[in-house]
Every structure is written in structure tokens, then in C-alpha cells.
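So the structure is just underneath, and the comments pick up after that.
In C-alpha cells:
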């Protein structure tokens, strides 16, 4: 690849080239130097482009298990072995009346099936609980694994 050497802004860009942690260095540097239609890019835009690429490469993925925990508060509508169905923003009477089959037709808040609720057999329908969970699958009702289930005193 031949880079233009007769332009004053080409040398500083080569310094950035060596610091880009990307397997596509040649493609990036080609875009920086040639721009659209083979014309030399303005040095300000070239440096801005390289800075954006560099900052994007240095981003974090946020996959920490502690930081990615969600907390859902709602009432238990149904219990099946170690899974509980929790619905937000409903009364105790409504929670006891609802089932997973009637949930779609009911005017209720967001619903979640939580699996692996260790204390599921100690709980009962209608209780207000706070469930700590990891990732939640976007279905209806949403699904996730219960990391902990705590009964909320009313």
C-alpha cells in the first residue's frame, strides 16, 4: 500500500496507526488517508476518526455478574416446583385470582417466570417478593433465573 508522502499531515497519522489495536489496521489507515473518491481527508477528520475507532476498541462489555443483576418486585401468581411467576403492579387479591393461562387477558403489569427459586416451596401465591435475577429472556411472560427471592414486608 502506498501512502502519499508529499502532504504535511501524513506523518502524524502514521503515529496513530501504530496504536490502533485492531486486526484491520490496513483497512482503517486506507480510509483515513484516501477518504471518499481517493481524495486526502482533512487531518482534523482523520484524527477524529482514529480517536473514535480507538475509543470503541477500548470499551468494556459490562459482563460482570454482580453488575448485571436485575431486581424485580412483584406478587407471586403461580408456583411450579422451583419456578415462580411474578407479576408487577398488582394487588394481592388479583395475584391469587390470576394464573399463567389467564395472564394474557388480564390487565396486569410485567410478568416474569423465574426458575431455580431455592425457597419456592416455602412461598405462596399473593406474596410480595423482590427477586434478584441475571439476564432476562424477552418473551411473555419474560423468563430468568432467580438468584435470590426475598419476601417484602408490607
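Numbering (my numbering), first residue to last: 198 to 351.
Beta carbons: idealized from backbone N, C-alpha and C, even for Gly.
TODO: Counting only the same chain and skipping the five closest in sequence on each side, list residues whose C-beta sits under 6 Å from that of residue 340.
DONE: 310, 334
- [ ] Can you give me the start and stop residues for the alpha helix (DSSP H) that residue 334 sits inside?
- [x] No alpha helix (DSSP H) holds residue 334; the beta strand (DSSP E) holding it covers 325 to 334.
TODO: Could you pull the start and end residues of the alpha helix (DSSP H) that residue 287 belongs to?
DONE: From DSSP, residue 287 is part of no alpha helix (DSSP H); its letter is neither H nor E.
Open item on the list: Judging by CA-CA distance, which residue of 349, 338, 316, 312 is the nearest neighbour of residue 331?
Closed with: 312
Open item on the list: When you compare the CB positions of residue 349 and residue 270, do they come within less than 9 Å of one another, or not?
Closed with: yes
Task: Contact under 9 Å by Cβ, residue 320 with residue 351 - done: no
Task: Same chain only: Cβ atoms within 6 Å of residue 297, ignoring 5 sequence neighbours per side - done: 275, 282
- [ ] Grab me the residues of residue 286's own chain with a C-beta within less than 6 Å of its C-beta, minus the 5 sequence neighbours each way, in chain order.
- [x] 306
Open item on the list: Does residue 275 come out as helix, strand or coil in the three-state DSSP assignment?
Closed with: strand
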